[in-house]
């Protein structure tokens, strides 16, 4: 099982699709990975096809860009739920 640093700083960027264009709706910065996942899960689960990107500050790590990827972190047994 891949290890995650749930305290890793990330930036959340929400995008709304308008036709073929994406429009940034809001951005949240200076948040840890676990809090970012907890924040996006309720809204993203209602809109699983929306484009959401949790961009990690560590350039060596790929951004989380799908609901499935975020949900897989949220459902890990070691994920801090509170």
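Residue numbers (the numbering used here): 2 to 83. Yeah, the Cβ is synthetic: ideal placement off N, Cα and C, and Gly gets one too.
In the three-state reduction of the DSSP assignment, residue 81 falls in the coil class. Where residue 36 is concerned, the enclosing alpha helix (DSSP H) starts and stops at 34-47.
In the three-state DSSP reduction, residue 52 falls in the strand class (E or B). Distance between residue 52 and residue 71, taken at the CA atoms: about 12 Å.
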